[in-house]
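Take the position in the sequence shown, starting the count at 1, then add 7; the result is the number in my numbering. All C-beta atoms in this analysis are idealised placements derived from N, C-alpha and C, irrespective of residue type, glycine included.
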Amino acid sequence: MAGLTTGGPNVDVSLLYEINGLARQAPGWLDRTVALLGEYGILLALVLLVLWCWRGARRQEEAVAVESFAALVWAPLAAGAALLLNVPLREFVGRPRPAAQHGGVEVLEPGAGIGHSAFSFVSDHATLAMALGVGLFVAHRKLGFIGIGLALAEGFTRVYMGLHYPTDVIGGLALGTAVVLLLAPLAMALLTPVVRMVARSPRLGVLVRARDRVVARPVDLAATEPAGRGHENDLAA
C-alpha cells in the first residue's frame, strides 16, 4: 500500500522540496549540525528535559511528586508503545523514502534509518520525540511546551535531511500524541499506586522524593518518657 505520494505535484512533495532545498543552499557546517541534531541531539535534549523535570518533581509534596513521577515513567513507556505500533504500520503502508521516488532530494544522512526500515511513513524520530514531549506535558505544563517545541523541531529536521515527507512527520507527531493521551488514564491508574509504594519505601523512596523533603513523623513524647517519671508525677500530685 504505497499510495501516499507516489508521484506528481502535490503539497506534500512541494513542501519536501522547499524544506529539503534549504540544505542545498546552506553551508556544509549547518547541514552537519542539523543532521546531528535530527539524528541524536534533539532526542537527547528531550531525555535531559525529562530528567530535569524528575529532579524538580522530587522536591514537591508527596501527592504531587507521586503524580509527576508516574507521568514521567509513562512518557518513555508510551514512546516505546508508539514505536511498536509503528512497526506494522510502516509495513502496511509501505511508503518508500523520498529519495527513492523523487530526484533532486538532498539526503544528509544516507544510512540513517535505512538499516531497520526502507519505508518512510511514519517517522520514528517524530513519533518518539512527540511522545516524550506530550508525556512531559502531562507531568509539567511549562516544560511540556518546551518538549513539544523540540518535537516539532525534530520533525522539521527529518524533512530537511531528506529522510521523510512532511506527512510522515505529521503522522509521527499524531501517533505519539495519540498513544500518550489515549492511554494516559489507564497508565496513570496502574502506575500511581506502584509509584506511591516506591515513595514510601525506605530504600527506593529517594527516587520519588528528595531526602530533604521527607517529613519526620511526630514523636510520641509520652511513649519516649523515661520509665517511672509518670509515676513520680502522680505521687507529687
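- Query: Under 9 Å, do LEU157 and ALA52 count as touching if we go by C-beta distance?
  - Reply: By 1-based counting over the sequence shown, the position of residue 157 is 150. By 1-based counting over the sequence shown, the position of residue 52 is 45. Yes, they are a contact pair.
- Message: I believe LEU135 touches ALA42 by the beta-carbon criterion, under 8 Å. Please report the beta-carbon distance rounded to the nearest angstrom.
- Response: Taking the first residue of the sequence shown as 1, we reach residue 135 at position 128. Taking the first residue of the sequence shown as 1, we reach residue 42 at position 35. Going by Cβ atoms, the distance from LEU135 to ALA42 rounds to 17 Å, so no, they are not a contact pair.
- Message: If contacts are defined as beta-carbon pairs under 8 Å, then ILE155 and VAL141 qualify, I think. What distance do you get, rounded to the angstrom?
- Response: One-based indexing of the sequence shown puts residue 155 at position 148. One-based indexing of the sequence shown puts residue 141 at position 134. Between VAL141 and ILE155 the Cβ distance is about 7 Å, and since that is below 8 Å, they are a contact.
- Query: Between which two residues does the alpha helix (DSSP H) carrying ALA125 extend?
  - Reply: Against the sequence shown, residue 125 aligns to sequence position 118. Element bounds for ALA125: n/a, residue is neither H nor E.
- Identify the continuous alpha helix (DSSP H) that holds PRO83 and give its terminal residues. Along the sequence shown, read from residue 1 onward, the residue named residue 83 stands at position 76. Counting along the chain, the alpha helix (DSSP H) containing PRO83 begins and ends at 69-100.
- Task: Could you check the C-alpha separation between LEU193 and ARG216 for me, to the nearest Å?
- Result: Taking the sequence shown and counting its residues from 1, the one referred to as residue 193 is at position 186. Taking the sequence shown and counting its residues from 1, the one referred to as residue 216 is at position 209. For LEU193 and ARG216, the distance between alpha carbons rounds to 24 Å.
- Does the distance from the C-beta atom of ALA86 to that of PHE76 stay below 9 Å? In the sequence shown, residue 86 corresponds to position 79, counting from 1. In the sequence shown, residue 76 corresponds to position 69, counting from 1. No. Outside cutoff.
- Message: Considering only their Cβ atoms, is the gap separating LEU189 from LEU92 smaller than 9 Å?
- Response: The residue you call residue 92 lines up with position 85 of the sequence shown. The residue you call residue 189 lines up with position 182 of the sequence shown. It is not a contact, given that the beta carbons lie outside the stated cut-off.
- Relative to the C-alpha of VAL100, which residue among ASP38, SER127 and HIS109 is closest? Mapped onto the sequence shown, residue 100 falls at position 93. Cα-wise, what sits closest to VAL100 is SER127.
- Message: Classify GLY110: buried if its beta carbon has 16 or more other beta carbons within 10 angstroms, exposed otherwise.
- Response: Start at 1 with the first residue of the sequence shown, and residue 110 comes out as number 103. By the 10 Å Cβ count, GLY110 comes out exposed.
- Task: State the Cα-Cα distance for the pair ALA206 and VAL145, rounded to the nearest angstrom.
- Result: Here residue 206 corresponds to residue number 199 of the sequence shown, with the count starting at 1. Here residue 145 corresponds to residue number 138 of the sequence shown, with the count starting at 1. Each residue's Cα considered, the two are about 20 Å apart.
- Message: I'd like to know whether the C-beta atoms of ILE49 and PRO173 end up nearer to each other than 9 Å.
- Response: In the sequence shown, counting from the first residue as 1, residue 49 sits at position 42. In the sequence shown, counting from the first residue as 1, residue 173 sits at position 166. No. Outside cutoff.
- Message: Rounded to whole angstroms, what is the Cα-Cα separation between LEU170 and ARG97?
- Response: Residue 170 sits at position 163 when you count from the first residue of the sequence shown. Residue 97 sits at position 90 when you count from the first residue of the sequence shown. In a straight line, the C-alpha of LEU170 is about 14 Å away from that of ARG97.
- Item | GLY45 versus GLU161: straight-line alpha-carbon distance, rounded | Taking the sequence shown and counting its residues from 1, one reaches residue 45 at position 38. Taking the sequence shown and counting its residues from 1, one reaches residue 161 at position 154. Cα to Cα, the separation comes out at about 6 Å.
- Item | Contact belief for VAL186 with ALA88 at Cβ below 8 Å, rounded distance in angstroms | Here residue 186 corresponds to residue number 179 of the sequence shown, with the count starting at 1. Here residue 88 corresponds to residue number 81 of the sequence shown, with the count starting at 1. Right, the Cβ-Cβ distance comes to about 5 Å (below 8 Å), so this counts as a contact.
- Message: With a threshold of 6 Å on Cβ separation, who are the neighbours of ARG31 within its own chain once the five nearest residues in sequence on each side are excluded?
- Response: Here residue 31 is taken as the residue at index 24 of the sequence shown, counted from 1. So the list reads GLU113, once near-sequence residues are dropped.
- Query: CB-CB under 6 Å to THR184, same chain, minus the five flanking residues each way: which ones, in chain order?
  - Reply: Reading the sequence shown from its first residue, position 177 is the one you call residue 184. Cβ within range, chain order: MET137 and VAL141.
- ALA72, buried or exposed, once every other Cβ within 10 Å from all chains shown has been counted against 16: Taking the first residue of the sequence shown as 1, we reach residue 72 at position 65. Burial call: buried.
- Would you tell me roughly how many angstroms separate the C-alpha atoms of CYS60 and TRP36, rounded to the nearest one? As a working mapping, residue 60 is identified with position 53 in the sequence shown. As a working mapping, residue 36 is identified with position 29 in the sequence shown. Straight-line Cα distance between these residues: approximately 32 Å.
- With DSSP collapsed to three states, give me the class of PRO103. On the sequence shown, residue 103 is found 96 positions in, with the first residue counted as 1. Three-state DSSP puts PRO103 in a strand.
- Are ASP175 and VAL129 close, meaning C-beta to C-beta below 9 Å? Residue mapping note: residue 175 aligns to position 168 of the sequence shown, counting from 1. Residue mapping note: residue 129 aligns to position 122 of the sequence shown, counting from 1. Closer than 9 Å, so yes.
- Query: In chain order, what residues of the same chain lie with their CB nearer than 7 Å to the CB of ILE121, ignoring the 5 residues before and after it?
  - Reply: Counting from 1 along the sequence shown, the entry for residue 121 is found at position 114. Note that ILE121 has pLDDT 47, beneath the 50 cutoff, so the model's placement of it is unreliable and no number is given.
- Message: Taking the beta carbon of VAL222 as the centre, do at least 16 other beta carbons fall within 10 Å, making it buried, or is it exposed?
- Response: Mapped onto the sequence shown, residue 222 falls at position 215. Confidence at VAL222 is low in this model, with a pLDDT of 45, below 50, so the placement of that residue should be treated as unreliable; the coordinate-derived value is given next. The residue in question, VAL222, is exposed, as its Cβ has fewer than 16 Cβ neighbours within 10 Å.
- Message: Residues in the same chain with beta-carbon distance under 7 Å from ASP19, minus the five sequence neighbours each way, listed in chain order, please.
- Response: Taking the sequence shown and counting its residues from 1, one reaches residue 19 at position 12. If we look at ASP19 and ignore the five residues flanking it on each side, its Cβ neighbours are THR12, TYR172, PRO173 and THR174.
- Message: With distance defined between alpha-carbon atoms, name the residue in GLY151, ARG210 and TYR167 nearest to MET105.
- Response: For the purposes of this step, residue 105 is taken as the residue at position 98 of the sequence shown. What sits at residue 105 in the sequence shown is Pro, not Met. Of the listed residues, the one whose Cα sits closest to PRO105 is TYR167.
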